[in-house]
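The listed protein sequences correspond, in order, to chains A and B. Count the first sequence with full-length UniProt numbering and you get residues 1 to 299, in order. Count the second sequence with full-length UniProt numbering and you get residues 1 to 414, in order. Presented below is the structure to which this report refers.
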Amino acid sequence: MPKVLITKELEAEAIYIIREVVAQFEKPVLLFSGGKDSITLLHLARKAFFPAKIPFPLLHVDTGHNFPETIDFRDELVEKYDLDLIVAHVQDNIDAGIVKEETGRYSSRNQLQTQTLLDAIEEHGFDACMGGARRDEEKARAKERIFSVRNDFGEWDEKNQRPELFDLLNGMIELGQNVRCFPISNWTELDVWNYIRSEKIEIPSIYYAHERSVFERDGLIWSDSPYVYRDDHEEVAVKWVRFRTVGDMSCTAAVASTATDIDTVIEEISGSTISERGARIDDKRSEAAMETRKQQGYF
Amino acid sequence: MNVLKIATAGSVDDGKSTLIGRLLYDTQSLPTDKLEAIKKSSEKKGYDYLDLSLATDGLVAEREQGITIDVAHIYFSTPDRSYIIADSPGHVEYTRNMITGASTSKASIILIDARKGVVEQTFRHFYINHLLQTSHLIIAVNKMDLVDYDESAFAKAVQQFQSLLDKHPSEKRKVHFVPVSALKGDNVVSKSAEMPWYQGSPILENLSKIDTIAEDSQSFLQVQNVIRPKTEEYHDYRGFAGRIRGAHLSIGDQITVLPSMKTSTVDGIYFNGAKYDEAPVGSSVSVTLKDEVNVDRGDILMTQPPADLELTKNIQATICWMDSTPLRPRTKFHLQYGTQRMTCRVEQITSKKSADFHQDIIDVDQLELNDIATIQLKLSKPIPAITYDQSKELGRFILIDPQSRNTAAVGFIE
């Protein structure tokens, strides 16, 4: 019997895009947060160039307020696949007085990441930054091209985007500009989870249900941590939770869950009536929170 | 699970966003928190119904103006299939964004207001889909609730649209007419009880029957990267990475490299470290060849090229001009043809389409934003003389402005 490749449309499309990034740009980088989407992207990148090594480094913008499980996972992955990792620290910019830490009840370092990201892009001369953003995540993301041009301040001009025809990706830019590239634009949250299951991709343990010290505010479950502001009257309790998205600790809420393996996680998401970003506190700041951040250069 | 990409088109206030919102709502694809936000906004605006159009417009300017400026990609699924809708703008000035949305779609839904019938914008939307050779058109005659679900209003719109189709015949195109009320949910996901005279299927059922994979006789791959690991295990490995188009590819297939016209045989088809005897259309693989032929990025590996296949540096094409700077003859551009880029010069603007697309205007000095025209191009390197009609992948290109680097036009080789 001949051996026939079974192809998955979304996987093949993503690999095509990653290969175009490498062919069209001088200095691409993969933005790696340690979350499931960037882990999936890394997996696709390895497939795209196999048996060669992936021809670009990873950049992690470390807020300093990450979940320790994510950082451990990141370091193991780098070791395992002999990856080239660059870490840019938000703390460095805070120490240098370039950005100012937020204070108060909803303080987060999420917004501060943008400056560190833009600095790193400039310092290393990256002309293409690949990310695991998906169009189904948020309404402003739904508008983004696969190759999204940013000016030399990293800004997104949402009302004047380049036309993008067929699969003809135009990565030509002026010096100083960069392109944000989104190979898994067309995937949904469930597509990512199903892919993780079928490919047996390892992900950080915090995606699975575990016991954690948490407190409730505004109907959301927050991690109890020195990085997360908590009022005295907000009571801490140990609960079974998991994370649906992994960002900065201060802006990522947990969900109550008993799903301890991939099958139950997928079951839970399939039945969920709340969107993935429903637990992202940073998106709730205003109706246009994501759009505003992206205009400023946020990923 | 297979994915069907569809685009929507329609004039302002034809109810495009409402239709998409309805598709999401009736397929239970709207999460509770998004639905809550829609409820709140609808109440704030004083509506006594759910303004499902709020499910789509993503930009602040769009919400303020109540129009769609740029394409949004929206996702929903049924147990059998995933759908990606490119929600495209209807305004004339955003035509290029509409083409962006429609270019990747297998099917288009064109909305018509049952009260107004075919209007000027319908011509534009139809013509763009005609140009792109979109294989399935669903003509949704919307707002049937506002004409008391009257069959004659539907029949009138169908007849008007049919006369458009008659002017631009195509064997490859399938057209379905559906009377709907996106607001009330008639014939969108479920069949309407209000229109017993309509014997056809609701929109979603029509979409569910569209075949996504069709094979041609020849297979081809435009090389993206040449993979040379130079490790001990893969010392002599030289894989040509790209997506397989046209038909499936098998080991042992004879191939011709374009434009060099050198021939060889497929020795291996690799994906993620495994070797396969056969790979289907659409797969992103790496191919190795039996002979040491020179192959670069942009070259095309093709099985069974037509015997009379020519390579040419002179092409005629229909283009849509997408830049705010007008196009003048004798201007140079980068031409992106699949995965290769070359210099080209616009020799001549042969003619352009009139605003209603019924006439060809000759003696044109320049093209303005959103003009559709026929031009003559001279390329710095030869490409196969294959028209868009013969092959969608090999018959299309984009023009890139060498100064601004913007995508200035999309072209269809004639």
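For every residue, glycine included, the Cβ atom is placed at its ideal position computed from N, Cα and C.
* **Enclosing beta strand (DSSP E) for Ala317 of chain B [first to last residue]** => Counted from its first residue, the second sequence places residue 317 of chain B at position 317. Here the beta strand (DSSP E) through Ala317 of chain B covers Leu311 to Trp321.
* To do: Alpha carbon to alpha carbon, how far is Met144 of chain B from Ala114 of chain B? Give it in angstroms, no decimals.
  => Numbered from 1 along the second sequence, position 114 holds the residue referred to as residue 114 of chain B. Numbered from 1 along the second sequence, position 144 holds the residue referred to as residue 144 of chain B. Per the coordinates, the alpha-carbon of Ala114 of chain B lies some 6 Å from the alpha-carbon of Met144 of chain B.
* To do: Determine the contact status of Gly395 of chain B and Ile413 of chain B, defining contact as a CB-CB distance below 7 Å.
  => Counting from one through the second sequence, the residue named residue 395 of chain B turns up at place 395. Counting from one through the second sequence, the residue named residue 413 of chain B turns up at place 413. Result yes, Cβ atoms of Gly395 of chain B and Ile413 of chain B sit closer than 7 Å.
* To do: Indicate whether the contact test is met: 3 or more Cβ pairs, each with one atom in the segment 367–382 of chain B and one in the segment 146–153 of chain B, closer than 8 Å.
  => Put simply, the segment 367–382 of chain B does not touch the segment 146–153 of chain B. Fewer than three CB pairs are less than 8 Å apart.
* Asked: Of all Cβ atoms in chain B, is any one closer than 7 Å to the Cβ of Met172 of chain A?
  -> Position 172 of the first sequence, counted from the first residue, corresponds to residue 172 of chain A. Yes, Met172 of chain A lies at the interface with chain B (some Cβ there is under 7 Å from its Cβ).
* Asked: What is the rounded straight-line gap between the Cα of Pro196 of chain B and the Cα of Leu204 of chain B?
  -> Sequence index remark: in the second sequence, residue 196 of chain B carries index 196 (1-based). Sequence index remark: in the second sequence, residue 204 of chain B carries index 204 (1-based). The C-alpha of Leu204 of chain B is placed about 18 Å away from the C-alpha of Pro196 of chain B.
* Rounded separation between Arg405 of chain B and Pro163 of chain A - CA only -> Within the second sequence, the letter at position 405 stands for residue 405 of chain B. Within the first sequence, the letter at position 163 stands for residue 163 of chain A. The alpha-carbon of Arg405 of chain B is positioned some 12 Å away from that of Pro163 of chain A.
* **At least three beta-carbon pairs within less than 8 Å, the segment 122–133 of chain A to the segment 97–112 of chain A** => In short, these stretches do not touch, since the Cβ pair count stays below three.
* **Any C-beta of chain B under 7 Å from that of Ser275 of chain A** => Counting from 1 along the first sequence, the entry for residue 275 of chain A is found at position 275. So yes, Ser275 of chain A belongs to the interface.
* To do: Go ahead and pull the three-state DSSP assignment for His130 of chain B.
  => In the second sequence, residue 130 of chain B corresponds to position 130, counting from 1. DSSP places His130 of chain B within a helical segment (H, G or I) once states are collapsed to three.
* To do: Output the boundary residues of the beta strand (DSSP E) element that contains Lys5 of chain B.
  => One-based indexing of the second sequence puts residue 5 of chain B at position 5. Segment Val3 to Ala9, the beta strand (DSSP E) holding Lys5 of chain B.
* Asked: How many angstroms separate the CA atom of Asn194 of chain A from the CA atom of His73 of chain B?
  -> In the first sequence, counting from the first residue as 1, residue 194 of chain A sits at position 194. In the second sequence, counting from the first residue as 1, residue 73 of chain B sits at position 73. Near 20 Å, if we compare the C-alpha coordinates of His73 of chain B and Asn194 of chain A.
* Amino acids of chain B, ordered along the chain, whose beta-carbon sits closer than 7 Å to that of Ala142 of chain A -> Position 142 of the first sequence, counted from the start, is the residue given in the question as residue 142 of chain A. Chain B residues near Ala142 of chain A: Gly58, Ala72, His73 and Ile74.
* Asked: What span of residues does the alpha helix (DSSP H) with Phe354 of chain B cover, start to end?
  -> In the second sequence, residue 354 of chain B corresponds to position 354, counting from 1. The amino acid occupying residue 354 of chain B in the given sequence is Ser; Phe does not appear at that position. Unbroken run through Ser354 of chain B: none, as it is neither H nor E.
* Asked: Expressed to the nearest angstrom, what Euclidean distance is found between the alpha-carbon atoms of Leu131 of chain B and Glu120 of chain B?
  -> For this step, residue 131 of chain B is matched to residue 131 along the second sequence. For this step, residue 120 of chain B is matched to residue 120 along the second sequence. Pairing Leu131 of chain B with Glu120 of chain B, the inter-Cα distance amounts to about 17 Å.
* Are the segment 60–67 of chain A and the segment 85–97 of chain A touching, with three or more C-beta to C-beta distances below 8 Å? -> At 8 Å Cβ cutoff, the stretches touch.
* To do: Using a Cβ cut-off of 7 Å, pull out every chain B residue sitting near Trp15 of chain A, in sequence order please.
  => For the purposes of this step, residue 15 of chain A is taken as the residue at position 15 of the first sequence. A small fix is needed here, since residue 15 of chain A is Ile in this sequence, not Trp. Those are Ser284, listed as they occur along chain B.
* How many whole angstroms separate the CB atoms of Ala157 of chain B and Gly117 of chain B, which I take to be in contact at a CB cut-off of 8 Å? -> The count along the second sequence starts at 1 and reaches residue 157 of chain B at position 157. The count along the second sequence starts at 1 and reaches residue 117 of chain B at position 117. Contact flag correct, Cβ pair sits at about 5 Å.
* Asked: How do the segment 10–23 of chain B and the segment 74–91 of chain B stand: do at least 3 beta-carbon pairs fall below 8 Å, yes or no?
  -> Yes, they touch.
* Asked: If you follow the beta strand (DSSP E) that Arg180 of chain A is part of, which residue opens it and which one closes it?
  -> Looking up residue 180 of chain A in the first sequence gives position 180. For Arg180 of chain A, the uninterrupted beta strand (DSSP E) segment begins and ends at Asn178 to Cys181.
* Should Lys34 of chain B be flagged as near chain A, meaning a C-beta pair shorter than 7 Å? -> Taking the second sequence and counting its residues from 1, one reaches residue 34 of chain B at position 34. Proximity of Lys34 of chain B to chain A, defined by a Cβ-Cβ separation below 7 Å, is satisfied.
* Pro68 of chain A, enclosing alpha helix (DSSP H) - first and last residue -> Taking the first sequence and counting its residues from 1, the one referred to as residue 68 of chain A is at position 68. The continuous alpha helix (DSSP H) containing Pro68 of chain A extends over residues Pro68 to Tyr81.
* Counting only the same chain and skipping the five closest in sequence on each side, list residues whose C-beta sits under 8 Å from that of Ser170 of chain B. => Counting from 1 along the second sequence, the entry for residue 170 of chain B is found at position 170. Once the five neighbours on either side are set aside, the close Cβ partners of Ser170 of chain B are His130 and Gln133.
* Asked: Mind pulling the alpha helix (DSSP H) runs of 4 or more residues that sit fully within the segment 147–219 of chain A?
  -> The segment 147–219 of chain A contains these whole alpha helix (DSSP H) runs: 189–199.
* Just checking my contact of residue 416 of chain B with Thr350 of chain B at CB under 8 Å: how many whole Å lie between their CB atoms? -> Since the first residue of chain B shown is 1 and the last is 414, residue 416 of chain B is not available in this structure.
* At 7 Å on the CB atoms, spell out the chain B contacts of Asp136 of chain A, in chain order. => For this step, residue 136 of chain A is matched to residue 136 along the first sequence. Here the neighbours are Tyr75.
* Any C-beta of chain B under 7 Å from that of Val255 of chain A -> Numbered from 1 along the first sequence, position 255 holds the residue referred to as residue 255 of chain A. Using beta-carbon distances, Val255 of chain A does not count as an interface residue toward chain B, since no partner is under 7 Å.
* Cβ neighbours of Ser38 of chain A in the same chain (closer than 6 Å, five flanking residues each side left out) -> Locating residue 38 of chain A in the first sequence gives position 38, counting from the first residue. Cβ within range, chain order: Phe32 and Gly132.
* Asked: Considering Asp277 of chain B, what are the terminal residues of the beta strand (DSSP E) in which it resides?
  -> Sequence index remark: in the second sequence, residue 277 of chain B carries index 277 (1-based). Annotation: Asp277 of chain B is outside any beta strand (DSSP E) and is labelled neither H nor E by DSSP.
* To do: Return the first residue and the last residue of the beta strand (DSSP E) that Asp37 of chain A is part of.
  => For this step, residue 37 of chain A is matched to residue 37 along the first sequence. Segment Lys36 to Phe49 is the alpha helix (DSSP H) holding Asp37 of chain A; no beta strand (DSSP E) there.
* What first and last residue would you give for the beta strand (DSSP E) that runs through Met302 of chain B? -> Counting from 1 along the second sequence, the entry for residue 302 of chain B is found at position 302. Start and end: Ile300 to Thr303.
* To do: Could you tell me whether the Cβ of Asp299 of chain B comes closer than 7 Å to any Cβ of chain A?
  => Position 299 of the second sequence, counted from the start, is the residue given in the question as residue 299 of chain B. No - not a single Cβ of chain A is within 7 Å of the one on Asp299 of chain B.
* Taking Cβ to Cβ, would you say Val241 of chain A is nearer than 7 Å to Ala254 of chain A? -> Position 241 of the first sequence holds residue 241 of chain A. Position 254 of the first sequence holds residue 254 of chain A. Against a cut-off of 7 Å, the Cβ pair of Ala254 of chain A and Val241 of chain A comes out as a contact.
* To do: Could you check what DSSP says for Asn93 of chain A in three-state terms: helix, strand or coil?
  => What you label residue 93 of chain A is simply residue 93 of the first sequence in a count that begins at 1. Looking at Asn93 of chain A - three-state DSSP - the assignment turns out to be helix.
* State buried or exposed for Leu311 of chain B, treating a residue as buried only when at least 16 other CB atoms are found within 10 Å of its CB. => Position 311 of the second sequence holds residue 311 of chain B. Leu311 of chain B should be labelled exposed.
* Asked: So what does DSSP say about His60 of chain A, is it helix, strand or coil?
  -> Your numbering for residue 60 of chain A matches position 60 in the first sequence. If DSSP states are grouped into helix, strand and coil, His60 of chain A belongs with the strands.
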